[in-house]
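These notes are about the structure you will find just below.
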Ligand code: OGA
Ligand code: NI
């Protein structure tokens, strides 16, 4: 039984030639990879135009949010050096010896720095083909002392990366506010003291990718997500009932609207289902930055977007309440926002 006691998928892999039964999805819930669309992708927005006189970029972002809930960004202002260091240290971390990685292991979703596997091993029935390191990163000084110290450059490289992605998140929040017809600072102010989490997702090669998911279809619970991925495809986005594969483009990020923008916008923008599939040849790394309200921030539809003809569709709640529900109920196609809908 020794091999099944290994907490991390990456350490189980060397011993398996087929997908273990606890990773196999029921037939009604499999990726059906031959039905995925590869011939068009999500919009690519050039952020170079996001300066004074930027109304055409705001319009592009607004349309992408409305029609896809997803877009890619280029000329985003984050240097290739910062991105490369982040990706390299992420890869190095997951290639450390098992004993070294396990120092951070925890299955408690409320821990602010932890290495784990699948999604929530305490509550789920079927496991996902993923290990992940998840940690909080804003305010940086509250959390950096919890982060891994191996690889030795981990804290420096990741801190630099998160400061940069926070800057990008703030610019995008201004653009999204304006695209909704709100004051530029609206979303910034709605998030209380703000919070930022990150994950490093590690998807090992999988002998039978048709039977399981890296991550099944889900919506993100936070405000916006900025995803960095390596050059191995795996992310898919649901559009008009079909899964679209997002082909990696070097030096771009993928941005998506999370549940909190769906609520704040009173359903103008939707938090769209997406998933990660795995492949039999190559490991894949993806690094989402989850930009969040602070736990005490009160969320609800923005009053300027509601009136007699557009009544608020959601109750008000604290982000802490939302976040706990998200982790308890697990990844699910019936998204978490529905629990906060008014009737
Ligand atoms: C996530 C996510 C997608 C990917 O971590 O929430 O959607 O491509 N990841 O890894
Ligand atoms: Ni996601």
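Numbering (UniProt numbering), first residue to last: 1 to 343.
Just so it is clear, CB atoms sit at the ideal spot from N, CA and C, and this is done for glycine as well.
Shorter than 7 Å, the distance from the beta carbon of residue 205 to the closest heavy atom of the ligand OGA, or not? no
Do residue 203 and residue 192 have their CB atoms nearer than 8 Å? no
Quick one: what's got a C-beta closer than 7 Å to residue 262's C-beta in the same chain, skipping five residues either side? Correct list, in chain order: 269, 270, 271 and 337.
So residue 197 packs on residue 135, CB below 8 Å; how close in whole Å? 7 Å
Same chain, Cβ closer than 8 Å to residue 227, neighbours up to 5 away in sequence not counted: Take residue 227, set aside five residues on each side of it, and the residues of its chain with a beta-carbon closer than 8 Å to its own are 235, 253, 254, 255, 256, 286, 287, 288 and 289, in chain order.
How close, in whole Å, do the beta carbons of residue 71 and residue 148 come, if the pair is a contact with beta carbons under 8 Å? Not really, about 32 Å apart at Cβ, beyond 8 Å.
Between residue 58 and residue 175, how many whole angstroms is the CB-CB distance? I'm expecting something under 8 Å. Correct: roughly 5 Å between the Cβ atoms.
Taking a contact to mean a Cβ-Cβ separation below 8 Å, would you say residue 293 touches residue 260 in this structure? yes
Relative to the C-alpha of residue 103, which residue among 116, 91 and 109 is closest? 116
Using the beta-carbon count (16 or more within 10 Å), is residue 311 buried or exposed? exposed
Three-state secondary structure assigned by DSSP to residue 195: If DSSP states are grouped into helix, strand and coil, residue 195 belongs with the strands.
Could you check whether the Cβ of residue 113 sits closer than 7 Å to any heavy atom belonging to the ligand NI? No heavy atom of the ligand NI is found nearer than 7 Å to the CB of residue 113.
Proximity winner among 313, 79, 303 and 231, relative to residue 248 (alpha-carbon distances): 231
Suppose contacts are defined by Cβ-Cβ distances below 8 Å. Is residue 165 in contact with residue 23 by that definition? no
Top-ranked residue by Cα proximity to residue 181, from 16, 19, 237 and 305: When only C-alpha atoms are compared, the closest one is 305.
Hey, residue 206 and residue 278: beta-carbon distance below 8 Å or not? yes
When you get a sec, list the residues whose CB is within less than 5 Å of any heavy atom of the ligand OGA, chain order please. Those residues are 201, 235, 276, 286 and 288, given in chain order.
Please tell me whether, using a cut-off of 7 Å, the distance from the CB of residue 220 to the nearest non-hydrogen atom of the ligand NI is below it. yes
Option in 216, 179 and 301 with minimal Cα separation from residue 31: Considering only alpha carbons, the answer is 216.
Less than 7 Å between the CB of residue 335 and some heavy atom of the ligand NI, yes or no? no
Out of 13, 131 and 45, point me to the one whose CA is closest to residue 276's CA. Comparing Cα-Cα distances from residue 276 to each of 13, 131 and 45, the minimum goes to 131.
When the Cα atoms are used, what is the spatial distance from residue 100 to residue 20? 25 Å
Under the three-state DSSP convention, the category residue 257 falls into: Correct three-state label for residue 257: strand.
Spatial distance of residue 316 from residue 296 (CA atoms): 12 Å
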